[in-house]
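Residue numbers (our numbering): 657 to 897. Ideal Cβ positions, reconstructed from N, Cα and C, are used throughout, including at glycine. Since the structure comes first, as structure tokens, the remarks are kept for the end.
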Amino acid sequence: MKLADALAPLVDLLYPPRCPSCGEGLAAQDGLCSACWGKLDFPADPACPGCLRPVAGHGPPQFCEACCADPPLYDGIAAGTLYTGASRRLVLSLKNGKIGLAPMLARMIAARLPPLDGEWLFVPVPLHRLRLWKRGYNQSALLARELARIHGQRLLVEGLVRSKATPPLGHLNKAERAQALAGVIAPHPRHAATLKRAQVVLVDDVMTSGATSNACVTALRVAGAQTVLVACFARVQHDLR
Numbered sequence: 657m658k659l660a661d662a663l664a665p666l667v668d669l670l671y672p673p674r675c676p677s678c679g680e681g682l683a684a685q686d687g688l689c690s691a692c693w694g695k696l697d698f699p700a701d702p703a704c705p706g707c708l709r710p711v712a713g714h715g716p717p718q719f720c721e722a723c724c725a726d727p728p729l730y731d732g733i734a735a736g737t738l739y740t741g742a743s744r745r746l747v748l749s750l751k752n753g754k755i756g757l758a759p760m761l762a763r764m765i766a767a768r769l770p771p772l773d774g775e776w777l778f779v780p781v782p783l784h785r786l787r788l789w790k791r792g793y794n795q796s797a798l799l800a801r802e803l804a805r806i807h808g809q810r811l812l813v814e815g816l817v818r819s820k821a822t823p824p825l826g827h828l829n830k831a832e833r834a835q836a837l838a839g840v841i842a843p844h845p846r847h848a849a850t851l852k853r854a855q856v857v858l859v860d861d862v863m864t865s866g867a868t869s870n871a872c873v874t875a876l877r878v879a880g881a882q883t884v885l886v887a888c889f890a891r892v893q894h895d896l897r
């Protein structure tokens, strides 16, 4: 028996299990209540592997018309959920100190990832050092660590570096976000050889317009990465329906 399993009854006694989203009592520490689980929204099946828009047909999903006209820089995307009020609460909780959520959110992402044949690197979207210092951790790195563990692959926390802090991107349009991120993210010089010809899963908590992901993918391609998949917990859906 694992030590964590042996200590579980004591942990439950001291810290009664509660839903991390609404606070409702639970039978176990790691999960959501049925009501909050029912509020989560998931990507369509089948969905475009480039953007997660729903697509018609049977067999392997095909790229949608929009992605065929303007192909994404990455080779595919997997999202645990679509961005709704329920997933937003979980993301904010993770960012605001509830790091114990990382394993559960990572499992939801892992369920959407395709089979990973061969050797892969899990690389988180980087935070600028000042933001990392203020928060104390990179939530994307926590998710990447759990995903690497689930898949038995290597974690490369410092595969990418962010050279300067960027302003909040939420109020910017897609072009403005891309401009704000131009030249900000680069491959870490110390890991250049590791990234060359590598298969990479780029991990983030939320994917909105794709500007941050594109900046990271561009940096990984500069380093010589052969394949880049994007994995996130929540994909903003305003342009997916």
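Could you tell me which residues DSSP pairs with residue i in its beta bridges?
i: residue 717; result: Answer by DSSP bridge pairing: none, since residue 717 is not bridged.
i: residue 860; result: 888
i: residue 779; result: 858
i: residue 697; result: 738
i: residue 702; result: Answer is none; residue 702 lacks a bridge partner.
i: residue 732; result: 885
Tell me the rounded alpha-carbon separation between residue i and residue j.
i: residue 801; j: residue 778; result: 8 Å
i: residue 834; j: residue 864; result: 12 Å
i: residue 813; j: residue 806; result: 16 Å
i: residue 633; j: residue 750; result: Residue 633 falls outside the range modelled here, since the chain spans only 657 to 897, and no answer is possible.
i: residue 775; j: residue 810; result: 8 Å
i: residue 765; j: residue 678; result: 21 Å
i: residue 789; j: residue 817; result: 14 Å
i: residue 700; j: residue 771; result: 19 Å
i: residue 837; j: residue 737; result: 25 Å
i: residue 711; j: residue 692; result: 27 Å
Exposed or buried, what is residue i when buried is set at 16 or more other beta-carbons lying within 10 Å of its beta-carbon?
i: residue 878; result: exposed
i: residue 853; result: exposed
i: residue 861; result: buried
i: residue 794; result: buried
i: residue 690; result: exposed
i: residue 683; result: For residue 683, the pLDDT reaches just 49, beneath the cut-off of 50, and the residue's location in the model is therefore unreliable, although a value from the coordinates is still provided. By the 10 Å Cβ count, residue 683 comes out exposed.
i: residue 768; result: buried
i: residue 891; result: buried
i: residue 666; result: Reliability of the predicted coordinates at residue 666 is poor, the pLDDT of 36 falling under 50, and the value obtained from them is presented with this limitation in mind. The residue is exposed, with fewer than 16 neighbouring Cβ atoms inside 10 Å.
i: residue 748; result: exposed
i: residue 728; result: buried
i: residue 849; result: exposed
i: residue 713; result: exposed
i: residue 725; result: exposed
Out of the options, state which residue places its alpha-carbon closest to the alpha-carbon of residue i.
i: residue 780; options: 767, 764 and 797; result: 797
i: residue 883; options: 856, 866 and 712; result: 856
i: residue 762; options: 753, 746, 775 and 776; result: 746
i: residue 831; options: 858, 817, 808 and 867; result: 867
i: residue 687; options: 736, 723 and 675; result: 675
i: residue 753; options: 885, 829, 792 and 692; result: 792
i: residue 808; options: 773, 858, 815 and 837; result: 773
i: residue 859; options: 846, 885, 845 and 847; result: 885
i: residue 804; options: 829, 887 and 893; result: 887
i: residue 880; options: 680, 723, 711 and 815; result: 815
- Query: Are at least three pairs of beta-carbons, each pair with one atom in the segment 835-846 and one in the segment 857-877, less than 8 Å apart?
  - Reply: Cβ pair count under 8 Å is three or more, so yes.
- Cβ pair count under 8 Å reaching 3, the segment 700-717 against the segment 726-745: Segments in contact, yes.
- Item | Segment contact flag, the segment 805-823 with the segment 784-795, C-beta cutoff 8 Å, min 3 pairs | Segment contact: the segment 805-823 against the segment 784-795, three or more CB-CB distances shorter than 8 Å; contact assigned.
- Between the segment 692-700 and the segment 739-747, do at least 3 Cβ pairs fall closer than 8 Å? The segment 692-700, when compared against the segment 739-747, does touch it at the 8 Å Cβ threshold.
- the segment 750-758 touching the segment 712-721, judged by at least three CB pairs closer than 8 Å: Here the segment 750-758 does not lie against the segment 712-721, with fewer than 3 beta-carbon pairs under 8 Å apart.
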